[in-house]
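S.K.: Residue numbers (our numbering), protein chains in the order written: chain A, 4 to 423; chain B, 4 to 423.
1. Give the C-beta separation of residue 200 of chain A and residue 225 of chain A to the nearest angstrom, bearing in mind that I take them to be a contact with Cβ-Cβ under 8 Å.
2. Please report whether the beta-carbon of residue 295 of chain B lies at a distance below 8 Å from any beta-carbon of chain A.
3. For a minimum of 4 consecutive residues, which ranges assigned as the alpha helix (DSSP H) are wholly contained in the segment 155-195 of chain A?
4. Evaluate residue 162 of chain A with the Cβ neighbour count: other Cβ atoms within 10 Å of its Cβ, from every protein chain shown; 16 or more gives buried, anything less gives exposed.
5. Among the residues of its own chain, which have a CB less than 7 Å from the CB of residue 238 of chain B, if the five just before and after it don't count?
6. How would you label residue 146 of chain B, buried or exposed, when you count the other beta carbons within 10 angstroms and need 16 or more for buried?
7. Label residue 129 of chain B either buried or exposed according to how many other C-beta atoms from any shown protein chain fall within 10 Å of its C-beta, with 16 as the threshold for buried.
8. Determine the direct distance from the alpha carbon of residue 283 of chain B to that of residue 258 of chain B, and round the result to whole angstroms.
9. Can you list the residues of chain A that residue 389 of chain B reaches, using a CB-CB cut of under 9 Å?
10. Find the nearest neighbour of residue 349 of chain B within the set B:25, B:19, B:36, judged by alpha-carbon distance.
11. Measure from the alpha carbon of residue 185 of chain B to the alpha carbon of each residue in B:50, B:169, B:156, B:53, then state which is nearest.
12. Counting only beta-carbon separations shorter than 8 Å, does residue 60 of chain A have a partner in chain B?
13. Under a Cβ-count criterion, where at least 16 other Cβ atoms within 10 Å of its own Cβ denotes burial, should residue 164 of chain A be classed as buried or exposed?
14. Do residue 373 of chain B and residue 44 of chain B count as a contact pair if the criterion is CB distance below 8 Å?
15. Could you name the residues that DSSP lists as bridge partners for residue 273 of chain B?
16. Give me the DSSP bridge partner(s) of residue 350 of chain A.
17. Under the three-state reduction of DSSP, which class applies to residue 49 of chain A: helix, strand or coil?
18. Taking residue 2 of chain A and residue 94 of chain A to be in contact with their CB atoms under 8 Å, please state how far apart those CB atoms are, rounded to whole angstroms.
19. Using a Cβ-Cβ cutoff of less than 6 Å, which residues in the same chain neighbour residue 46 of chain A once the five nearest sequence positions on both sides are dropped?
20. Can you tell me whether residue 305 of chain A is helix, strand or coil according to DSSP?
21. For residue 128 of chain A, which beta-bridge partners are listed by DSSP?
22. Using the Cα positions of residue 327 of chain B and residue 342 of chain B, report the straight-line distance between them to the nearest angstrom.
23. Is it true that the CB of residue 123 of chain A sits closer than 8 Å to the CB of residue 158 of chain A?
24. Against chain A, which members of the segment 35-47 of chain B pass a CB distance test of less than 8 Å?
25. What would DSSP say about residue 337 of chain B, mapped onto helix, strand or coil?
26. Closer than 7 Å by beta-carbon distance: list the chain B residues that pair up with residue 282 of chain A, in chain order.
27. Determine, using beta carbons only, whether residue 265 of chain A and residue 423 of chain B come nearer to each other than 8 Å.
28. Give the range of the beta strand (DSSP E) segment to which residue 225 of chain B is assigned.
29. With a cut-off of 8 Å, does the C-beta of residue 170 of chain A fall near any C-beta of chain B?
30. Can you tell me whether residue 239 of chain B is helix, strand or coil according to DSSP?
31. Please tell me whether residue 147 of chain A has its Cβ less than 8 Å away from any Cβ of chain B.
32. Please return the same chain residues whose Cβ sits closer than 7 Å to the Cβ of residue 177 of chain B, not counting the five positions on each side in sequence.
33. For residue 55 of chain A, name the three-state secondary structure that DSSP assigns.
34. Does any residue of chain A have a CB that is nearer than 8 Å to the CB of residue 230 of chain B?
35. Measure the Cβ-Cβ separation of residue 380 of chain B and residue 354 of chain B and say whether it is below 8 Å.
36. Which one or two residues does DSSP pair with residue 75 of chain A in a beta bridge?
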């Protein structure tokens, strides 16, 4: 049986422990929701204040040149590229994940239409994050395609074998169960069957090693405000393999994606490479905060980078699973996150026949912040940059107390908030 | 002849003079570029710091409920609605102007396709801001339409009379010349001819009274970082007349536009009204700054609001035009902004056969910040919230000295920056 002392010992010998010092962690809380919104890096407040007070307040439009505002989408993009296995100049920060998915899937469908006109299916999973499905549904209709959703990862191969799939669009780590897809294997299968592979990295960028180029992926998008610690609603990113980046004019053809935006010419001429995936003027304050967040992940590079973070992440989720099983048995919780390391992201999800929302609320009242996902799922994210092993112990102890005391049955924990 | 003393007297009797105290103005500069990037309101740094340090840093995901993050697009939208003649619940803040134009023009074209299938033209002006034309060009192609561009406002009526126009897409104030369209008259003509009217308010929201509902407009988009003082790359806004808001599922159908985003259902069900025009998670830091900027304009309401600001704006641009003519004659400058008040926005543009870029640079070196627009235009924006009459005098005096001394011919003023 693991003890709290064992967990303290794990922290004491954790080679990544000091990375936690980069963050302002909420006082009195155990924050296990970095997969929804990453915590605040210490550097961010000062950097944002600098952008507001100096770059905007004093230097105003001059900052487009002097502070390098104009190249921030590429500068931060190059940093994120290091985390997801892409090369310099291939990835830009822009807009939201939803908007970037629209661009990337539009391009993928246009390329499929040209190269494989008989293929009429966009393949995804019913459990994919809803915004991905909403965007895909609209684009599939527009392109005269059908959006086919699988109910289990096992079905993906069969659908690909049908020869009807134009684009396989998957989120690498399931937002609810935390299940991890094998990007290289699925991309390989998709290509063998003549389909393009588009990956959403919302729950993988900054959470585990991602190897877009090595896996042969075609398109990717990802989120800035989860494991990249970019702040609420941080800009997202989009990557297109160089073999496709210039083949298509993505439909959100705004001026920042023009070859020469400040020539103000009426005719659109797309910029070279991934820059054409920019659209309007970027939200600079949010962009500046994102860069601090990305830097907080890159700070792990001298310590082994994403591989080292992955090792700790798996140790944290292994520990959480083991402790829940050792200490919270008999309360109707079941593990829906895969036990196999190769199938697990950086979170653990537990299901229960009832009460998941109230249990999460009771935990939050005790300072243990996880989140609820419909219908009856408790979701806990473990961010190796700042989560300690002893926090895993303490979180499970609170969970045990909430369950054994039945305090979660109190009425106050059952009132649903607008955002759950 | 107007004297500097006259200008000081105008400032002394200006009923709006105190509004300037709301802003951090760059030391030693006369800032005449609020039509590119509005100045920093004093309230913004503190508000952004609060969002970063308290709402994000301490309260994290709880702030979606406790700090009202989830309803910011509507809350700020309702404030902007007061400035542009729309009603509560009709306008949301989201994404960039380019992205919002994509949504609005997509909807307009879908409605036109349903109601007037023979109409195949999107009508705009060759001098419209390029990003509008780039977006329209892509959408026109996608919808099998033709983008027709006029070279003069006088041609608009003739094109509308052709019976081929599906959507008339105009920017109310020309970004270069500062020419102001008669929104009510053009919208009326468009409707009489069976076309829809889409207005870009980038250079009019916060600059002059806009009356979307009274003018009968169908769609509008606008910019947050010019006269609304929302900060670099501030989120933009989109308005759709209630008669059309629910008729179409706009193509950027992300989860924030879903009827119940936190039910996480795989099927898209658009929210009621304008909320369906939201897409992904909003950039919260930039949104918070935008609200301070909008509030800085609303602060004029007790003093007469946009009508009072318009009176001062016209007095400022009248003064600038008069002083340039009195004091800078014989240097080859010509006025390209209309003299008639009904045809003028809140800026003045001057053309010259050569040297416009260098003259603007020489002025900037003297602390007078206007901007250059290709091919040979000097552009000066006058923001009645914070521009003083004596600054107009001093700016013209610097312009006179730059021209008479020929200092603009110095090589250092001819080196082009990335962003001009």
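A virtual CB, placed ideally from N, CA and C, is assigned to each residue, including glycine.
M.R.: Straight from the coordinates:
1. The count along the first chain starts at 1 and reaches residue 200 of chain A at position 197. The count along the first chain starts at 1 and reaches residue 225 of chain A at position 222. About 15 Å separates the two Cβ atoms, so there is no contact after all.
2. Here residue 295 of chain B refers to the residue found at position 292 when the second chain is read from its first residue. Output row for residue 295 of chain B: interface = no.
3. 159-164, 186-195
4. Mapped onto the first chain, residue 162 of chain A falls at position 159. Buried, because 16 or more other Cβ atoms sit within 10 Å of the Cβ of residue 162 of chain A.
5. Within the second chain, the letter at position 235 stands for residue 238 of chain B. So the list reads 96, 97, 98, 227, 285, 286, 289, 290, 293, once near-sequence residues are dropped.
6. Within the second chain, numbered from 1, the residue matching residue 146 of chain B stands at position 143. It is buried - the Cβ of residue 146 of chain B has at least 16 other Cβ atoms within 10 Å.
7. As a working note, residue 129 of chain B is residue 126 in the second chain. Exposed: under 16 other Cβ atoms inside 10 Å.
8. Within the second chain, the letter at position 255 stands for residue 258 of chain B. Within the second chain, the letter at position 280 stands for residue 283 of chain B. Their backbone Cα atoms lie some 6 Å apart in a straight line.
9. For the purposes of this step, residue 389 of chain B is taken as the residue at position 386 of the second chain. Going along chain A, no residue has its Cβ under 9 Å from residue 389 of chain B, so there is no contact; the nearest lies around 12 Å.
10. The residue given as residue 349 of chain B occupies position 346 in the second chain. Minimum Cα distance to residue 349 of chain B is reached at B:36.
11. Counting from 1 along the second chain, the entry for residue 185 of chain B is found at position 182. Here the closest residue by C-alpha is B:156.
12. Numbered from 1 along the first chain, position 57 holds the residue referred to as residue 60 of chain A. Judged by the 8 Å Cβ criterion, residue 60 of chain A is in contact with chain B.
13. What you label residue 164 of chain A is simply residue 161 of the first chain in a count that begins at 1. Exposed, because fewer than 16 other Cβ atoms sit within 10 Å of the Cβ of residue 164 of chain A.
14. Taking the second chain and counting its residues from 1, the one referred to as residue 44 of chain B is at position 41. Taking the second chain and counting its residues from 1, the one referred to as residue 373 of chain B is at position 370. Taking 8 Å as the Cβ cut-off, residue 44 of chain B and residue 373 of chain B do not qualify as a contacting pair.
15. Walking along the second chain from the start, residue 273 of chain B turns up at place 270. Bridge partners of residue 273 of chain B: B:261.
16. Taking the first residue of the first chain as position 1, residue 350 of chain A is located at position 347. DSSP, once it has assigned bridges, lists A:384 as partnering residue 350 of chain A.
17. Position 46 of the first chain, counted from the start, is the residue given in the question as residue 49 of chain A. Helix.
18. Nothing in the structure corresponds to residue 2 of chain A, since chain A is present only between 4 and 423.
19. Here residue 46 of chain A refers to the residue found at position 43 when the first chain is read from its first residue. Closer than 6 Å at the Cβ level, and outside the excluded window around residue 46 of chain A, lie 295.
20. Here residue 305 of chain A corresponds to residue number 302 of the first chain, with the count starting at 1. The answer is helix: DSSP assigns residue 305 of chain A an H, G or I state.
21. Translated into the one-based positions of the first chain, residue 128 of chain A becomes position 125. DSSP lists A:153 as partners of residue 128 of chain A.
22. As a first step, residue 327 of chain B is located in the second chain; it is residue number 324 there, counting from the start. As a first step, residue 342 of chain B is located in the second chain; it is residue number 339 there, counting from the start. The alpha-carbon atoms of residue 327 of chain B and residue 342 of chain B are separated by roughly 13 Å.
23. As a working mapping, residue 158 of chain A is identified with position 155 in the first chain. As a working mapping, residue 123 of chain A is identified with position 120 in the first chain. Against a cut-off of 8 Å, the Cβ pair of residue 123 of chain A and residue 158 of chain A comes out as no contact.
24. 36, 39, 40, 42, 43, 47
25. By one-based count along the second chain, residue 337 of chain B stands at place 334. In this structure, residue 337 of chain B counts as strand in the three-state DSSP scheme.
26. Numbered from its first residue, the first chain carries residue 282 of chain A at position 279. Going along chain B in sequence order, the residues near residue 282 of chain A (Cβ under 7 Å) are 99, 101, 102.
27. Indexing the first chain from 1 puts residue 265 of chain A at position 262. Indexing the second chain from 1 puts residue 423 of chain B at position 420. Contact: yes.
28. The residue labelled residue 225 of chain B in the question sits at position 222 within the second chain. First-last of the beta strand (DSSP E) with residue 225 of chain B: 222-225.
29. By 1-based counting over the first chain, the position of residue 170 of chain A is 167. Output row for residue 170 of chain A: interface = no.
30. Indexing the second chain from 1 puts residue 239 of chain B at position 236. Strand.
31. In the first chain, the residue the question calls residue 147 of chain A occupies position 144. With 8 Å as the cut-off, residue 147 of chain A does not count as an interface residue toward chain B.
32. Within the second chain, numbered from 1, the residue matching residue 177 of chain B stands at position 174. Excluding residues within five positions, the ones whose Cβ falls inside 7 Å are 130.
33. Within the first chain, residue 55 of chain A is the residue found at index 52, counting from 1. Helix at residue 55 of chain A.
34. For the purposes of this step, residue 230 of chain B is taken as residue 227 along the second chain, with counting starting at 1. No, residue 230 of chain B lies away from the interface with chain A (no Cβ there is under 8 Å from its Cβ).
35. Here the question's residue 380 of chain B lines up with position 377 in the second chain. Here the question's residue 354 of chain B lines up with position 351 in the second chain. A contact, by the Cβ cut-off of 8 Å.
36. Locating residue 75 of chain A in the first chain gives position 72, counting from the first residue. The partner list for residue 75 of chain A (beta bridge, DSSP) is empty, contrary to what the question assumes.
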